[in-house]
Structures are given as structure tokens and as C-alpha cells.
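S.K.:
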Amino acid sequence: MSTLATPSKDASASASFAFLQNLLKGYGPRDFTVRAWDGSILEAEGPAKFTLVLQHPGAIRRMFWPPNNYSTGEAYIYDDFDIQGDVHAFFRLANHLRELRLTLWQKLKMAKALFSLTKSEKPRVGRQPAKLTGEKHSKERDAQAISYHYDVPPAFYQLWLDRRMVYTCAYFERPEQDLESAQLDKLNIVCRKLRLKPGERLLDIGCGWGGLIIHAAREFGVHATGITLSKAQLDIARLRIHEAGLDDRCKAEFVDYRDATGTYDKITSIEMFEAVGAPLFPTYFQKVHDLLRPGGLFLNQGIAISGWEKEPRGQPFSDRYVFPDGELANIGYTLKTAEEAHLEVRDVESLREHYELTLRNWVRKLEENHDEAVRLTDEQTYRVWRLYMAGAADGVRSSRGNLFQILFVKPDRGRSGMPLRREDWYE
């Protein structure tokens, strides 16, 4: 039985501790400390990896009511509780709670105990859930979704991304490699897989702040076009293109992928795919097919759910606070819809370990810049990204999620134009 290191004189604190301990049956030795608003402490049962701080008497009720997939996340965002220490270690607790399988009688007992706890009247201020209007995955609604995520001050992202502001999975040679060089390695492997040549036309769907198109134009001599639905990203991408002296062969435009025109030798889409929506996968891949010249290459990098989850799905917390309307599918569904659009699969590489390393780097840098992040946005926005990225890292660590880089070709009357081997990718 756990003991209180600092006994509580507050009955609400004692009841909150008791409720938590009941939930943690089967958890094993508790590797975290709990501290209540009155200073009372429930010690860890071994070395503590983090401290769960209950900020007020209604904290536990806020964490678990209503019983949905995002109440605990919202309670953290709005400071009903805090996570002091290793936020990644918190997800052992989060996974335990998500995987609880209670009988009806246990659920009723738990609900009775929960409703006996204090109800919070603390207002929830700061960043609010996304409120999109219109038909899901219409052009207008997709623009709202992208704006919700990206149109925060760019300086917020600059705090924890690399200097090129590459907001996608890096490519690591070794776990201890620094983020800056790992992102450069990612840009290079994308360009090498596409075998970019001077003078070729490259389209980057979802170009972000322009990192890839600038690199491809400067280092590989292509004529690069990037499209985005974020006006905040567009302004910075255009400024960076100009500062790099690449206005003659690099440009960024505010265009929905469905409205893109022209013919391209190579196309990239680096972690924009999650915003497409599974019902529109056929539209997306057909559009790419139509934009590619015969023999052209397409590299699609996207997050995926594990293969044993058959149906594409959204992520409840992410859908409300991070990427509204985002949907993830397994790799099989993605490849199937791409092949139905007559894109031939040439290479599939899992970047699961790379994505965990990337996310851990981002979380560390964000935490190191907490005060400035809050000054630029607010505490709630800081907490959304801290929790989201740490949760995503746990998802890929446990193989519930993955991230794939897939290379396609649009065959030219059966000819792929591809060399027999790939040594040049890694020279």
C-alpha cells in the first residue's frame, strides 16, 4: 500500500489519492509521485520519473469526466493538473488508463466515486478546440483546418525546429545525431530518391516554410514550386526564397492541391498526406498522377496507423486541438488507393524510429524554451504541442503508429526509367 509522504488534512485530496490508487491496480510499481494542491504527497513506489501535480480539488473529476478520449488531455492543457519531469514517462500511465477493461459493475462504482469528488468551476481560457464550418474536407474547410494549426506566430515554431524550419520527420544516421544535420540528411535523401537533375520541375505539395523547395533548387538545380494553405507559412517561404536569391527558379503559392496545374518531372508530399482525409485518397493520388509526366517520380511521406487497424481513423485529441479533420490509414490502404490511380510502388521505407527521435528532439527543445513559447502564444498552446508530440513519440515507439516514405513512378508505356540499383541514394 502506498503511503502519504506528506499527510493531507484536506478530505478532497485524500479522496483524490484513493481514486487514483484504485485506477492504478495492475499498473505495477508506481513510477511517479502525486502532489495535491494542499502540498500533500503520494510518494512513488521507486524512483520517480515525473510528478503528477493536482492543481485544485476538482482536478481528478476534470481528468476523467466526461469519459471520452480527450478529457485527460484537456485537463492537462487547462492546468487542472501538471506533468513535472519526464513527459514521455507519463504515457505509461496514459496507456494504462486507455487500456483499462472494466466490467459494468466496476464502471458504476468508478462513476460513483468520481461524482463524490469535488466539481471544478475553473474556467478554461486560452487556446480553444477547433471549430470548423462547412463540409468535411471541402477546400474551404481544409483551409480553416490548416490555418488553425499553422497560423500561430512563426517564431513559436522557430524555438524548437531546426534553422530551416523543417516540420517533418528527420533522417538519423545514429540516435545521438543532432536535429540540424538529421534534417539536412532528410532533405538530401528525398532529393536523391527522386534523383533530381538540374532543370527538372519539382512540385512540393504542402511546402511548409519552404525548406525542401529551397534546398532542392539551390543544391540540385531544379525549378521548384511549393504550395500551401497556410498564409503564415507562405509569407515566410517567399521571404526565404528571396533571401536565398532563388526567385528565378523557386516559388511558393497559396493553392489547394486539387487546384494545382501544370506538368512536373517530380512531386513530393512530405507529411501533408494526413490532412487529405481517407475518402479523398483516390482524388489525391489521381491528381498527383495527372500532374506527373510519364516516367515521373512521386515521393509521399506520411504518418500511418498500425496495419492491424483496418479502418482509417482520426485522433480525438489531435482532431480537437492539433490537426482538425486529420485522418490516418494503414500502409496497405494507402498503397492500394495509389495503385488504383496507376502509380507504381517502387520503394517503401519505414521511418518509425526516426520519427520518435525527431519528436523527442522537438519536445526537448520546446521544454527548454517554455517561457518564450508562452510569451509568443500562451500556456495552453505550449501544453498542446508538448502533450501532442510526446504522445506521438509514444505511439510510434510502441508501434501503434508508423511513418512511411513511399516512392512511386508513373510508368511511361511500361518503362519506369529507374536504375536497377540504388547505391546513388547513399553516396
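Numbering (the working numbering), first residue to last: 489 to 915.
Heads up, the beta-carbon is just placed ideally off N, CA and C, and yes, glycines get one too.
None of these values were measured; they are calculated from a predicted model.
1. Just how far apart, CA to CA, sit S559 and K607?
2. Do the region 622 to 640 and the region 561 to 573 meet, that is, are 3 or more Cβ pairs less than 8 Å apart?
3. Helix, strand or coil for L895 per DSSP?
4. Is the number of C-beta pairs between the region 668 to 688 and the region 866 to 885 that are closer than 8 Å three or more?
5. In chain order, which continuous runs of the alpha helix (DSSP H) of length 4 or greater are located wholly inside the region 591 to 658?
6. Applying the criterion that 16 or more other CB atoms from any shown protein chain within 10 Å of the CB defines a buried residue, is F742 buried or exposed?
7. Which class does F538 belong to by DSSP, given the choice of helix, strand or coil?
8. Going straight from the alpha carbon of L596 to that of A501, what length do you get?
9. Measure the Cβ-Cβ separation of F892 and S806 and say whether it is below 7 Å.
10. Can you tell me where the alpha helix (DSSP H) holding D859 begins and where it ends?
11. Among the candidates Y645, E688 and R888, whose CA atom is the shortest distance from the CA of W850?
12. From what residue to what residue does the alpha helix (DSSP H) around L721 run?
13. Looking only at C-alpha atoms, which of Y876, L908 and P907 sits nearest to G582?
14. Once DSSP output is grouped into helix, strand and coil, what is the label at M489?
15. Counting Cβ pairs closer than 8 Å, one from the region 705 to 718 and one from the region 683 to 694, do we hit at least three?
16. Could you say which of L649, W593 and K898 lies nearest to F786 if we only look at CA atoms?
17. Could you check whether the region 806 to 824 touches the region 761 to 775, counting it as contact only if at least three pairs of C-beta atoms, one from each stretch, sit closer than 8 Å?
18. Residue range of the alpha helix (DSSP H) that G820 falls in?
19. Between which two residues does the alpha helix (DSSP H) holding N676 run?
20. Going by Cα to Cα distance, which pick from D912, L700 and K824 is closest to I755?
21. Please classify E827 as buried or exposed, where buried requires at least 16 neighbouring CB atoms within 10 angstroms.
22. Count the other CB atoms, across all protein chains shown, that sit within 10 Å of the CB of S528; report buried if there are 16 or more and exposed otherwise.
23. DSSP has D882 in a bridge; who is on the other side?
24. Report the partner residues of V833 according to the DSSP bridge assignment.
25. Find out if the Cβ-Cβ distance for the pair L602, W525 is shorter than 7 Å.
26. Which of the three DSSP states, helix, strand or coil, is assigned to Q774?
27. Candidates W697, M551 and V541: which alpha carbon is nearest A599's?
28. Quick check: the Cα distance between Y638 and G733, rounded to an integer number of angstroms?
29. Which residues in the same chain have their Cβ closer than 7 Å to the Cβ of R871, if we skip the five residues on either side of it in sequence?
30. Please classify A499: does DSSP put it in a helix, a strand, or coil?
31. Below 8 Å CB to CB, which residues in the same chain sit around W913 once its five sequence neighbours on both sides are set aside?
32. In the DSSP assignment, find the unbroken beta strand (DSSP E) run with F742 in it and report its ends.
33. Return the chain-ordered ranges of every beta strand (DSSP E) run that is complete within the region 742 to 814 and spans a minimum of 3 residues.
M.R.: With the given structure in hand:
1. In a straight line, the C-alpha of S559 is about 14 Å away from that of K607.
2. No, the region 622 to 640 does not touch the region 561 to 573.
3. Three-state DSSP puts L895 in a strand.
4. Contact fails between the region 668 to 688 and the region 866 to 885, because fewer than three Cβ pairs, one in each stretch, are under 8 Å apart.
5. Within the region 591 to 658, the complete alpha helix (DSSP H) runs of at least 4 residues are 592 to 603, 627 to 638 and 642 to 646.
6. With fewer than 16 Cβ atoms within 10 Å of its Cβ, F742 is classed as exposed.
7. F538: strand per DSSP, three-state reduction.
8. The alpha-carbon atoms of L596 and A501 are separated by roughly 22 Å.
9. No Cβ-Cβ contact shorter than 7 Å links F892 with S806.
10. Residues H858 to L864.
11. Measuring from the Cα of W850, the nearest candidate turns out to be Y645.
12. The amino acid occupying residue 721 in the given sequence is Gln; Leu does not appear at that position. For Q721, the enclosing alpha helix (DSSP H) starts and ends at K719 to E731.
13. Checking the displayed sequence, the identity of residue 582 turns out to be Ala instead of Gly. Minimum Cα distance to A582 is reached at Y876.
14. Because M489 carries a pLDDT of 44, less than 50, the predicted location of this residue cannot be relied on, and the following value inherits that uncertainty. If DSSP states are grouped into helix, strand and coil, M489 belongs with coil.
15. A contact between stretches requires three or more CB pairs, one per stretch, nearer than 8 Å, and the region 705 to 718 meets this requirement with the region 683 to 694.
16. Here the closest residue by C-alpha is K898.
17. They touch, by the three-pair rule.
18. Start and end: I819 to E828.
19. It spans L667 to K681 - the alpha helix (DSSP H) in which N676 sits, taken as one unbroken run.
20. If we check each option's Cα against that of I755, L700 comes out closest.
21. Answer is exposed; the Cβ neighbour count stays below 16.
22. S528 comes out buried.
23. Note: D882 sits in no beta bridge, so no partner.
24. According to the DSSP secondary-structure assignment, V833 is paired through a beta bridge with F896.
25. Against a cut-off of 7 Å, the Cβ pair of W525 and L602 comes out as no contact.
26. Three-state result, Q774: helix.
27. Taking the Cα of A599 as reference, the smallest distance to any Cα among W697, M551 and V541 is reached at M551.
28. Each residue's alpha carbon lies about 26 Å from the other.
29. For R871, where only same-chain residues beyond five positions count, the Cβ hits under 7 Å are Y564 and I565.
30. Reduced to three states, the DSSP call for A499 is helix.
31. Excluding positions up to five away in sequence, the list reads I677, R680 and K681.
32. Element bounds for F742: C738 to F742.
33. You should have 752 to 758 and 780 to 793.
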